[in-house]
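K.L.:
In this note's numbering, the protein residues as written are 252 to 778. Beta carbons: idealized from backbone N, C-alpha and C, even for Gly.
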C-alpha cells in the first residue's frame with residue numbers, strides 16, 4: 252500500500268484542502284516522504300454524514316459479522332509486513348523490536364474483541380418475565396441489553412503508533428460495540444496511521460461493512476474540536492496530554508447534546524517501597540525500577556515516575572544501586588523534538604526544587620532528540636509544600652520522596668491526584684502497615700500492584716487501564732481489556748414486547764446460546 256497523505260471519507264480518499272504537513276524523523280529531524288492534507292469543512296461534514304449513515308447499517312450487523320470484520324483487520328495489518336514497521340520506526344524513533352511487539356499486541360486486541368463478540372455474554376442480557384396476576388399490580392415482562400451509542404471519534408496517541416492509534420484499543424472496542432469510528436491521526440505518525448487505515452478499509456470492503464464504518468482524518472486542533480461538536484459523534488476516545496484531553500472534554504460536555512469523553516491523560520504512577528522489602532532486596536528493587544522508569548525512554552503512560560520510601564540505613568544502598576543502574580542506561584530518542592524539549596524543561600525545573608541523585612553517565616546527542624535519564628530525591632516535608640513535585644514529567648525522570656515514617660508516606664499519598672497505577676513492594680515485616688497504604692492506593696488508582704512495576708499493561712478481561720481524574724475523565728472505565736467495550740454502549744429495556752420484535756439476545760429460545768440473567772439467575776436455558 253502507498254501513503255497518499257489523503258483523508259479518508261469512509262472508503263473514499265480525499266484531499267480538497269491546500270494546507271499540508273510532513274512527518275519528521277525524530278532521530279534526524281528530516282522530513283519523511285508524504286504530504287498530509289489537513290481536513291476541510293466540506294470533508295468534515297461529509298465524514299460525519301457518512302458515519303451516521305453507516306451506523307444505521309453497522310449496528311444491525313450480527314456479532315459474527317463484526318467478529319469476522321475485526322479478524323480481517325488483523326489479517327490486513329499483518330499483510331502490510333515490514334513496510335508498516337519501517338514507517339512507524341522512522342516516524343516515532345522507536346526500535347523495530349518494540350514496534351513488532353506492539354503490532355502483536357494490537358492484533359491480539361482485535362482478536363480478543365472478536366472472541367468476545369462470538370461468546371456474546373458481554374451484551375448483559377437480562378430477562379424478568381411477567382407476573383400478570385401479581386397483587387396489587389401486575390408485573391410487566393422486562394428485558395434489557397446493551398446497544399451501541401453511535402459514531403465514535405478516536406484520537407490516536409503519540410507514544411503507541413499501533414496499540415493506541417488507528418486500530419488500537421479505542422478503535423477495536425468501538426467497532427466491536429457496533430460503532431463506526433472517525434480516527435484523528437496523530438501528527439507524529441501520520442503515515443503509519445494511513446497505512447493501518449488502508450488495512451481497516453480493505454477489511455471493511457472484504458467483509459461487506461458499510462462505507463463510513465471507518466474514516467481517517469488529518470486535522471489541526473480547531474477542526475478536531477469541530478468534529479467533537481458534530482451531532483453525529485456520540486462518544487470520544489482519547490489518549491494524550493491533560494491539556495489536550497481537557498480541551499476535548501470541555502467541548503464535548505458543552506455541546507447542546509453532551510457526550511461521554513473517555514480521555515486518558517496524566518499520571519505519575521506512584522511506587523511505595525516499604526521498609527521491610529527494601530531491607531530484604533534493595534539492590535534488586537532498584538535494578539527493576541531503573542529498567543521500568545527508563546523503558547521506552549519513559550514515554551509510557553504507566554511510567555512509575557514517583558517513589559515513596561522511608562529514609563533509613565537501607566535507603567542509601569537502594570539509591571546507590573539505582574544510581575549504578577541508571578548511569579549505565581544510554582540516552583535514547585524521544586518521540587519528537589517538542590516532547591524532548593518539554594522533558595528537558597521539566598528536568599531543569601526539578602533541579603531547582605529537588606536534589607539530583609543520579610543520571611546517565613553517557614552523553615545525549617541533541618541531533619537525535621535523545622533524553623538522559625534522571626533520578627531526583629526530595630524530603631517529604633518539601634514535597635508536601637510544593638505541588639509541582641507531584642506533576643508528571645513525561646520522560647525517563649523519577650522523583651524519590653524520602654519519608655521519616657510510613658505515616659508520612661500515607662500523608663503524601665492522600666495529597667496525590669488520581670493515577671492509572673499504584674505499586675507497593677512489601678514483605679512480612681511490613682504487614683502491620685499495609686492496610687492504610689493499600690486503602691489509599693485503591694482510592695487513588697485504577698490498578699494497584701503488589702510487587703513488580705506497572706509499565707506493562709496486559710490485554711485481558713480483568714485489566715483496568717483507567718483511574719480517577721486526571722488519570723482519566725471517567726474513573727468507571729478502562730481503555731484496555733474486554734471491558735473497554737462498555738464505554739461505547741448504553742442499556743435499553745424492552746417492556747412487554749412480542750417475541751418476533753425482540754433482538755435475538757432477549758428472545759425466549761436464546762438462539763445465540765449466550766449466558767443471560769433470567770429472573771435473577773444466570774442461565775443459557777430457554778425461558
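Start and end of the alpha helix (DSSP H) containing residue 493?
P.N.:
Residues 493-504.
K.L.:
Which residue or residues does DSSP assign as beta-bridge partners of residue 379?
P.N.:
393
K.L.:
DSSP three-state call for residue 584: helix, strand or coil?
P.N.:
strand
K.L.:
Would you report the Cα separation of residue 299 and residue 368, rounded to the nearest angstrom?
P.N.:
26 angstroms
K.L.:
When the Cα atoms are used, what is the spatial distance from residue 594 to residue 482?
P.N.:
38 angstroms
K.L.:
Identify the continuous alpha helix (DSSP H) that holds residue 684 and give its terminal residues.
P.N.:
682-695
K.L.:
Give every residue of the same chain whose Cβ lies closer than 7 angstroms to the Cβ of residue 420, excluding the five residues on either side of it in the sequence, and list them in chain order.
P.N.:
360, 414, 730, 731 and 735
K.L.:
Compute the Euclidean distance between the alpha carbons of residue 748 and residue 391, then round it to the nearest angstrom.
P.N.:
10 angstroms
K.L.:
Would you say the segment 592-606 touches the segment 653-662, given that touching needs at least three Cβ pairs under 8 angstroms?
P.N.:
no
K.L.:
Out of 253, 659, 550 and 260, which has the shortest C-alpha to C-alpha gap to residue 343?
P.N.:
550
K.L.:
By the DSSP assignment, the beta strand (DSSP E) with residue 774 in it spans what residues?
P.N.:
772-774
K.L.:
Quick check on the burial criterion: 16 or more other C-beta atoms within 10 angstroms. Buried or exposed for residue 430?
P.N.:
The residue in question, residue 430, is buried, as its Cβ has 16 or more Cβ neighbours within 10 Å.
K.L.:
Using CA coordinates, which residue listed in 720, 685 and 510 is at the minimum distance from residue 667?
P.N.:
720
K.L.:
Pull the bridge partners of residue 466 from the DSSP assignment, please.
P.N.:
Paired residues: 433.
K.L.:
Just confirm the distance between the C-beta atoms of residue 425 and residue 739, as a whole number of angstroms; I'd bet it's less than 8 angstroms.
P.N.:
The distance from the Cβ of residue 425 to that of residue 739 is about 5 angstroms, consistent with a contact at the 8 angstroms cut-off.
K.L.:
In chain order, what are the residue ranges of uninterrupted beta strand (DSSP E) at least 3 long that sit wholly in the segment 497-582?
P.N.:
Under the rule that a run must span 3 or more residues, the beta strand (DSSP E) segments found entirely inside the segment 497-582 read 512-515, 522-524 and 557-561.
K.L.:
Which runs of the alpha helix (DSSP H), 4 residues or longer, sit entirely within the segment 405-461?
P.N.:
420-428 and 441-457
K.L.:
Going along the chain, which unbroken runs of the beta strand (DSSP E) with 3 or more residues stay wholly within the segment 615-671?
P.N.:
625-630 and 648-654
K.L.:
So what's residue 279 in DSSP terms, helix, strand or just coil?
P.N.:
coil
K.L.:
According to DSSP, is residue 727 part of a helix, a strand, or is it coil?
P.N.:
The three-state secondary structure of residue 727, taken from DSSP, is coil.
K.L.:
Report all residues from its chain with a CB closer than 8 angstroms to the CB of residue 527; omit the five preceding and five following residues, and keep chain order.
P.N.:
677, 678, 679, 680 and 681
K.L.:
Along the alpha helix (DSSP H) that carries residue 768, what are the first and last residues, could you check?
P.N.:
Segment 767-769 is the beta strand (DSSP E) holding residue 768; no alpha helix (DSSP H) there.
K.L.:
Hey, quick one: how far does the alpha helix (DSSP H) through residue 746 stretch, first residue to last?
P.N.:
First-last for residue 746: 740-746, but that is the beta strand (DSSP E), not the alpha helix (DSSP H).
K.L.:
Are there any heavy atoms of the ligand ADP lying less than 7 angstroms away from the beta-carbon of residue 568, as far as the coordinates show?
P.N.:
With respect to small molecules bound, the structure shown includes none, and the ligand ADP cannot be examined in it.
K.L.:
Would you say the segment 308-320 touches the segment 375-390, given that touching needs at least three Cβ pairs under 8 angstroms?
P.N.:
no
K.L.:
Please name the residue in 406, 461, 633 and 753 whose C-alpha comes closest to that of residue 471.
P.N.:
406
K.L.:
Using the beta-carbon count (16 or more within 10 Å), is residue 618 buried or exposed?
P.N.:
exposed
K.L.:
From residue 708 to residue 700, what distance separates their C-alpha atoms?
P.N.:
12 angstroms
K.L.:
In the DSSP assignment, the alpha helix (DSSP H) including residue 319 goes from what residue to what residue?
P.N.:
314-330
K.L.:
Give a yes or no on whether the C-beta atoms belonging to residue 698 and residue 687 are separated by under 8 angstroms.
P.N.:
When the beta-carbon positions are compared, residue 698 and residue 687 stay at least 8 angstroms from each other.
K.L.:
Give me the residue from 711, 713, 662 and 714 with the minimum Cα distance to residue 692.
P.N.:
662
K.L.:
Mind checking which residues open and close the beta strand (DSSP E) that includes residue 607?
P.N.:
606-610
K.L.:
Could you tell me the boundaries of the beta strand (DSSP E) in which residue 263 lies?
P.N.:
263-265
K.L.:
Identify the residues that DSSP records as bridge partners of residue 271: which are they?
P.N.:
288
K.L.:
For the beta strand (DSSP E) containing residue 488, name the first residue and the last one.
P.N.:
484-490
K.L.:
One question on the structure: do residue 541 and residue 580 come within less than 8 angstroms of each other, judged by their Cβ atoms?
P.N.:
yes
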